[in-house]
Structure formats: C-alpha cells, structure tokens
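Here is the structure we will look at.
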Amino acid sequence: MDLPAAVAIGLGGNVGSPEAAFALALAGLARHVEGLTCSPFYLTAPVGGPPQPDFLNAVATGRTFLSPLGLLELLKRLEAEAGRPDSGEPNGPRPLDLDLLLYGDLQTELPGLVVPHPRLVARRFVLAPLADLVPDLVVPGAGRTVASLLASAPPARVERLAPSSS
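Now the structure itself:
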C-alpha cells in the first residue's frame, strides 16, 4: 500500500468573509487530508492585479492519498463552493484561492499544475505561514529550508494576526 504524500496548501481570500471561506475549505480538506494543520492567519498586501482589499492568507499541511491532480480538482471544487467564479481576473479579488504548494518531494509540470508552486520561493505571504508549520522543510528544487527562503524573500507587508478569541 502506498504511503500518503505530505502536502502544503496555500489559502487566500479578500472578498466577503475569508475566515468563513477558510473554514469551509479546511472542513472539505479534512475529509481527504490526514493530520490537517492550519497556520495562523496573516493579513497581506495584494500582489499584482487591480487595486483591491488586503488578503487573508494561511497555509495548511497534512498527508493525503489523493494524486496531485485529484487534490487540485478538490481545491478547485472547494473554491467554487466558496463562490469563486470560474473566469475570475488573474490576481483579482476573490473569496477563496487555494494553491497546491508542495506535494511530497514531487517536482512536476502538468497541464494546469506545477509543483512545487512556481512562485512559492519568492512569496513572503506564503513562506511566513508555511514557516510557522514546517520551518526546516527543504523545498524540492530550491534546496533550501522554508525558514531560509523566508529570510531572503523580497520585502512585503505580511502581518501575523492574533488568534481569534471566539
């Protein structure tokens, strides 16, 4: 029997209630990802795209038996359930954005999917929450730990939020 793959999934959103969209996404992921753990939430400046509100970002990690494309299909379905339009503007406002960041040690380019995520190593808004969970993980293809990549990532406004008291 195959072992489950360790995965990291980026969560983002800046329209409606990102917290509610994250809760929906995490509940959906928990049905297919064992040991699902979510980082603290971060308030971050939008990168590219039109003028828009700040994003809420986080990263979730765990292990799954889903294939990379099967997991991508699940992420797209969860985005749609949260109200993300199919043809949203690239880098535009959205209620939920889910990105497959890492899938074990896999390095691949498939139609619609590149793993590790091609911009992971330069995105502080992804590296900061990922470092909360797996700072010593060596990113496939980069040959460096998440903490090391975060230390050298381009400057960006990324503010860790206090845990909710609710």
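Residue numbering for the sequence shown follows numbering that gives the first Met the number 0, beginning at 0 and increasing consecutively. Backbone N, C-alpha and C define an ideal beta-carbon position, used for all residues, glycine too. Treat the numbers as computed from the prediction; the structure is a model and nothing was measured.
- Minimum Cα-Cα distance from alanine 44 among the listed residues Ala57, Asp53, Val6 corresponds to Asp53.
- Inclusion of glutamate 72 and leucine 97 in the CB contact set at 9 Å is not warranted, their separation being larger than that value.
- Bounds of the alpha helix (DSSP H) holding phenylalanine 21 are 17-29.
- A distance below 9 Å separates the beta carbons of proline 17 and leucine 95.
- With a beta-carbon spacing of about 5 Å, alanine 130 and valine 145 fall inside the 8 Å limit used to define contacts.
- Unbroken beta strand (DSSP E) stretches of 3 residues or longer found wholly inside the segment 40-77: 41-43, 54-63, given in chain order.
- DSSP places leucine 99 in the uninterrupted beta strand (DSSP E) bounded by 96-102.
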